[in-house]
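There are 2 protein chains.
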Amino acid sequence: MGWLPDESGLEKTAANYVPLTPLSFLVRAAQVFPEQTALVYGETRRTYAEHRARISRLASALRDKGIKSGDVVATILPNVPPQAEAHFGVPAMGGVLNTINTRLDVDTVAYIFDHAGAKMVLVDSQFLELAEEAADRMEGTAPIFIECSDDQAGRKASGRHMTYEELMESGDPEAAWDWPEDEWESISINYTSGTTGRPKGVVYHHRGAYLNAMGQVISWRMVLNPVYLTIVPLFHCNGWCHTWMMPLVGGTLVCCRDIQAKPIFDAIADEGVTHFGGAPIVLNTLINAKDGDKREFDHIVEVFTAGAPPPPSTLKRIEPMGFNVTHVYGLTETYGPATECTWKPMWDGLEGDERAAVKARQGVAMPFIENNTVMDPETMSEVAHDGETQGEIMYRGNGVMKGYYKDPEKTAESFEGGYYHTGDLAVLEKDGYIRIADRAKDIIISGGENISSVEVEGVIAGHEAVSLCAVVAKPDEKWGEVPCAFVELKDGCEATEEELIAFARKTLAGFKTPKKVVFKELPKTSTGKIQKFELRQEAKTL
Amino acid sequence: MGWLPDESGLEKTAANYVPLTPLSFLVRAAQVFPEQTALVYGETRRTYAEHRARISRLASALRDKGIKSGDVVATILPNVPPQAEAHFGVPAMGGVLNTINTRLDVDTVAYIFDHAGAKMVLVDSQFLELAEEAADRMEGTAPIFIECSDDQAGRKASGRHMTYEELMESGDPEAAWDWPEDEWESISINYTSGTTGRPKGVVYHHRGAYLNAMGQVISWRMVLNPVYLTIVPLFHCNGWCHTWMMPLVGGTLVCCRDIQAKPIFDAIADEGVTHFGGAPIVLNTLINAKDGDKREFDHIVEVFTAGAPPPPSTLKRIEPMGFNVTHVYGLTETYGPATECTWKPMWDGLEGDERAAVKARQGVAMPFIENNTVMDPETMSEVAHDGETQGEIMYRGNGVMKGYYKDPEKTAESFEGGYYHTGDLAVLEKDGYIRIADRAKDIIISGGENISSVEVEGVIAGHEAVSLCAVVAKPDEKWGEVPCAFVELKDGCEATEEELIAFARKTLAGFKTPKKVVFKELPKTSTGKIQKFELRQEAKTL
Chain X
1 MGWLPDESGL EKTAANYVPL TPLSFLVRAA QVFPEQTALV YGETRRTYAE HRARISRLAS
61 ALRDKGIKSG DVVATILPNV PPQAEAHFGV PAMGGVLNTI NTRLDVDTVA YIFDHAGAKM
121 VLVDSQFLEL AEEAADRMEG TAPIFIECSD DQAGRKASGR HMTYEELMES GDPEAAWDWP
181 EDEWESISIN YTSGTTGRPK GVVYHHRGAY LNAMGQVISW RMVLNPVYLT IVPLFHCNGW
241 CHTWMMPLVG GTLVCCRDIQ AKPIFDAIAD EGVTHFGGAP IVLNTLINAK DGDKREFDHI
301 VEVFTAGAPP PPSTLKRIEP MGFNVTHVYG LTETYGPATE CTWKPMWDGL EGDERAAVKA
361 RQGVAMPFIE NNTVMDPETM SEVAHDGETQ GEIMYRGNGV MKGYYKDPEK TAESFEGGYY
421 HTGDLAVLEK DGYIRIADRA KDIIISGGEN ISSVEVEGVI AGHEAVSLCA VVAKPDEKWG
481 EVPCAFVELK DGCEATEEEL IAFARKTLAG FKTPKKVVFK ELPKTSTGKI QKFELRQEAK
541 TL
Chain H
1 MGWLPDESGL EKTAANYVPL TPLSFLVRAA QVFPEQTALV YGETRRTYAE HRARISRLAS
61 ALRDKGIKSG DVVATILPNV PPQAEAHFGV PAMGGVLNTI NTRLDVDTVA YIFDHAGAKM
121 VLVDSQFLEL AEEAADRMEG TAPIFIECSD DQAGRKASGR HMTYEELMES GDPEAAWDWP
181 EDEWESISIN YTSGTTGRPK GVVYHHRGAY LNAMGQVISW RMVLNPVYLT IVPLFHCNGW
241 CHTWMMPLVG GTLVCCRDIQ AKPIFDAIAD EGVTHFGGAP IVLNTLINAK DGDKREFDHI
301 VEVFTAGAPP PPSTLKRIEP MGFNVTHVYG LTETYGPATE CTWKPMWDGL EGDERAAVKA
361 RQGVAMPFIE NNTVMDPETM SEVAHDGETQ GEIMYRGNGV MKGYYKDPEK TAESFEGGYY
421 HTGDLAVLEK DGYIRIADRA KDIIISGGEN ISSVEVEGVI AGHEAVSLCA VVAKPDEKWG
481 EVPCAFVELK DGCEATEEEL IAFARKTLAG FKTPKKVVFK ELPKTSTGKI QKFELRQEAK
541 TL
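Protein chains in written order, with UniProt numbering: chain X, 1 to 542; chain H, 1 to 542.
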């Protein structure tokens, strides 16, 4: 250990030690780039000086409404300015941000409200009924509602709650912020669907958010003053930490409420968007856009894509359109992308399928990850670099979550042996790049959203006619994958595909509802375990 | 404070907490970029895989020679591979690196050997006699000598000591490294001349080195795989932390032993150098190079310049040659550059003197600095943004030193009020950019080297004929500034300019020796204090 024989007077002081937090990025941006555009949403356009003042308003208004340090503030918002502001305003008063997926069903939202114990929720008028119904179904005390209306999108305030702009009006644009005293303090909770039905609350800390944002600048080959378009929902891993990253590089955050081809092309052409992240489905949306929706632009747009490897056909068509696509991989537990298929100069000559094969791999650790490899979970030793031996993708480093909220047991289990276990099976190729072989966890990824097949199975099994049910991924050209249910009916019972789909939809969010139901006897092992592998093979042929 | 009501299971673990250290950058580079060129020196060329193996050799060989965690290992080396390797190899076995300025005089080197308590010194054959004489003059135990010969430069081993390559040969290329358990552990000591004669040992920690390197990537608009030329001596603030930075971005470090126009142009043209740092004198060297030494190249070289603001005449001539110059400012106490005259798009149209005036300012905080401003040291409040009100440049943040070695008193003094006090007087311009008005500390900067005028005065005052002496900076076209001595002789005594210069040179390093001596009665205040301000004015007219 590098302690000098005499370390007297060399302790931490206020001058030389500041807990790492992304809040620092915004304060610096307001000093260095006060006149630079921080945020754009349609006709709304704010400089960094204005942005910082609004964050002070939000932080002080939250305090005035009784929110205290360590309290959870939830949001149910699309990618609109209040969502971007909450990423700074909530931690700036010591609060912990819980961005909830707007696509979830009432029951799950109610569960999250209860589990996280949110004291307040900022909710878009579009999702107000969802939030209100969820509050009604809660076991605990309902949060205060602040309604974010959106005139530009034709979403008028209901009149039933205080509005976000009324809240902001009550705040002080000069209010001081609360700063973390310890960089390990919590900054946000992101609920993720795991293998079990109930989502787990992944807790992030200030240190991780800071280091992840700084490291991704390097991974993304980003220089000063980028223009970033919010396609990845900010409720997914806090928008992959990109909202926190922008002030670090004096960048402009362009909010995009509806993820459609026209507004995306418009933002690229009119605002000069240089970077965005999104699932491969977004790339297909751009490729298949109507001619009237497409726009000309003369710069290269850097794209991080994740959720599934970008298919060769997509890469071949999107890259000549002016997009440079980099495949990244990560999980809610790693603050979003933490592995990157880092491009090497020696591959510059590759074309077509060869190029696509290189690009479709998951890749290597980003700078804030200490070690990211494929290991045998029994021996915790790295598998051979042979492209064949399977192991589990593991992470160790400062970009790994703090843990699961109120679940020390699952946290300890996921960190066994000093590494975060992703549950994803992969191989290491000869050059050390990770390539996923199979997902060990029973997850279906549809349009970039994770779906727990166990959750879907639980709902369908609740139908009176169903004896046994297994849900697997069925490949889908548009969504990547969609849930497909294999069902054994009870003796003497009957049910149609339409009936079961409608039944599931009553409880499940639309994206989780099976798109296909197959009635048959399920294949089982000798011990009675359903052989999902066979069903996955079958689903591919449907 | 952002602690959730229930933080059980959310503590630091091996999976999610790793002390920040630049050692991580090299391990990751060897995994991600093993085939990439890490280091070039003439005919020597090593990949990251080879570079990492040599670091393991060095770390294990140091251990075998009895060096222990917390021991200081010194170097007296130009910018050659052993110096770059020591930056990783010494901390990789828990040692603390002390790079000593090769231009110092024997007495000062002896003082540093004693003060830092170096157990070993890696010394270039060119500076071996200096080191040996210094060891002879030490009060304490002399360090083990390891001689770095350099055949390429015609510097043969003396045969009197173990050579560096013999040491490396004894090491294990697969040896494990020692990792810091606490990111606050010391990584290096850099001696700086202050206002008093004896240099102070500025201690850096692993955390600061990591954050500084990461933040400078952003400041320098650096993307993956840069080619960095070592012009700034690695013994100045560890080469402004750039050696540590290179593996983070998979960059190539090109070693440059002699800072002359021809090797610099050759490196730019042949190795494709993209970045270097250096004092304005280096830029003048390039401008004034002989035609035969100049080379054509077709890319832009990014230059960080510091030590003095780049003069307008220099900027006007160097920029059309293919160099983009950014003025940076910092001190040994801030790990080198920590303030940057960050360029803004709105200045793109500026030309000539207007452009130079904007570029010559010190600028704004780099990302790893929390706050960098100009304050009234009495009230510790920021001065007005009026370009007129003077105050002292202050820093607070993770890029501020740990403190002065074995000097808790000076450390506490320099951190008074929670900020590091630079001693430099400046104003804040309307846009918040810092511009230095005057240097409060009695420092002369000659060719990028700091000279304490008090030290020079002390030596001259030792001459038997001298009654009183004051040393100030005299502007110099080549060196920026040179020391100029004003001397009052004792009644009835005589001495010539040549005599005093020769007398000073016996003790002082060449760059510290006055280039001009003026005999006159020194101007004094009513209390007898020498009015240096007047002498500085006079020196400008000489």
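Every residue, glycine too, gets a C-beta built ideally from N, C-alpha and C.
Check: Beta-carbon proximity list for MET138 of chain X, same chain, < 6 Å, skipping 5 on both sides; Outcome: ALA110, PHE113, ASP114
Check: Paired residues, beta bridge with SER24 of chain H - DSSP; Outcome: Bridge partners of SER24 of chain H: none, in fact.
Check: Residues near ILE451 of chain H by beta carbon distance below 8 Å, same chain, minus five either side; Outcome: SER193, ILE443, ILE444, ILE445, PRO483, PHE511, LYS512
Check: Which of helix, strand or coil DSSP assigns to ASN101 of chain H; Outcome: coil
Check: DSSP-derived helix/strand/coil call for GLU11 of chain H; Outcome: coil
Check: 8 Å contact criterion, which LEU39 of chain X and CYS256 of chain X should meet: CB distance rounded; Outcome: With 8 Å as the limit, LEU39 of chain X and CYS256 of chain X do not qualify as a contact, their Cβ atoms being about 12 Å apart.
Check: Cβ separation of HIS206 of chain H and PRO81 of chain H, assumed to be a contact under 8 Å, to the nearest whole Å; Outcome: Going by Cβ atoms, the distance from HIS206 of chain H to PRO81 of chain H rounds to 23 Å, so no, they are not a contact pair.
Check: Proximity to LEU93 of chain X [Cα-Cα], best of X:GLU165, X:GLU185, X:THR13; Outcome: According to the sequence displayed, residue 93 of chain X carries Met and not Leu. It is X:GLU185.
Check: Residues near GLY117 of chain X in its chain [Cβ-Cβ closer than 6 Å; skip 5 each side]; Outcome: VAL72
Check: For VAL232 of chain H and GLY277 of chain H, believed in contact at Cβ under 8 Å, the rounded distance; Outcome: 4 Å
Check: Given TYR191 of chain H as reference, the closest of H:VAL400, H:PRO173, H:TYR405, H:TRP179 once Cα atoms are compared; Outcome: H:TYR405
Check: Closer than 8 Å to chain H by CB, ILE287 of chain X; Outcome: no
Check: Chain-ordered residues of the segment 90-102 of chain H with a beta carbon less than 8 Å from chain X; Outcome: PRO91, GLY94, GLY95, VAL96
Check: Interface positions of the segment 208-231 of chain X facing chain H (Cβ-Cβ less than 7 Å), listed along the chain; Outcome: MET214, VAL217, ILE218, ARG221, VAL223, LEU224, ASN225
Check: Test: ILE530 of chain X CB closer than 8 Å to a CB of chain H; Outcome: no
Check: Where the alpha helix (DSSP H) through ASN284 of chain X begins and ends; Outcome: 280-287
Check: Residue span of the beta strand (DSSP E) that contains LYS200 of chain X, given as start and end; Outcome: 200-205
Check: Amino acids of chain H, ordered along the chain, whose beta-carbon sits closer than 7 Å to that of MET401 of chain X; Outcome: ASN16
Check: Chain H contacts from the segment 19-33 of chain X (Cβ-Cβ distance under 7 Å); Outcome: SER24, ARG28, GLN31, VAL32
Check: Cutoff 8 Å: MET1 of chain X Cβ touching any chain H Cβ; Outcome: yes
Check: C-alpha distance - GLU296 of chain X paired with ALA269 of chain X, whole-angstrom precision; Outcome: 7 Å
Check: C-alpha distance - VAL202 of chain X paired with ALA306 of chain X, whole-angstrom precision; Outcome: 19 Å
Check: Backbone secondary structure at PHE88 of chain H - three-state DSSP; Outcome: helix
Check: Chain H contact residues for ALA365 of chain X, given Cβ-Cβ distances below 9 Å; Outcome: ARG28, GLN31, VAL32
Check: Buried versus exposed call for PHE304 of chain X [16 or more other C-beta atoms within 10 Å across all chains shown]; Outcome: buried
Check: Listed by chain order, chain X residues near residue 553 of chain H by CB distance under 8 Å; Outcome: With chain H running from 1 to 542 in the structure shown, residue 553 of chain H is simply not present.
Check: Where ALA74 of chain H sits in the DSSP three-state scheme; Outcome: strand
Check: DSSP beta-bridge partners of GLU524 of chain H; Outcome: What sits at residue 524 of chain H in the sequence shown is Lys, not Glu. Partner(s): H:ILE530.
Check: Buried versus exposed call for LYS402 of chain X [16 or more other C-beta atoms within 10 Å across all chains shown]; Outcome: buried
Check: Whole-angstrom distance between ARG45 of chain X and PHE368 of chain H, CA atom to CA atom; Outcome: 28 Å
Check: Residue-chain proximity (ASN398 of chain X, chain H), Cβ-Cβ < 8 Å; Outcome: yes
Check: Endpoints, beta strand (DSSP E) assigned at LEU425 of chain X; Outcome: 420-428
Check: CB contact check: VAL133 of chain X to chain H, cutoff 8 Å; Outcome: Residue identity differs from the one stated: residue 133 of chain X is Glu in this sequence, not Val. No, its Cβ sits nowhere closer than 8 Å to a Cβ of chain H.
Check: ARG235 of chain X, buried or exposed, once every other Cβ within 10 Å from all chains shown has been counted against 16; Outcome: Per the sequence shown, residue 235 of chain X should be read as Phe rather than Arg. Under this definition PHE235 of chain X is a buried residue.
Check: For ASN238 of chain H, the residue or residues it bridges with in DSSP; Outcome: DSSP lists no partner for ASN238 of chain H.
Check: Residues within the segment 342-358 of chain X neighbouring chain H, beta-carbon criterion of under 9 Å; Outcome: THR342, TRP343, LYS344, PRO345, MET346
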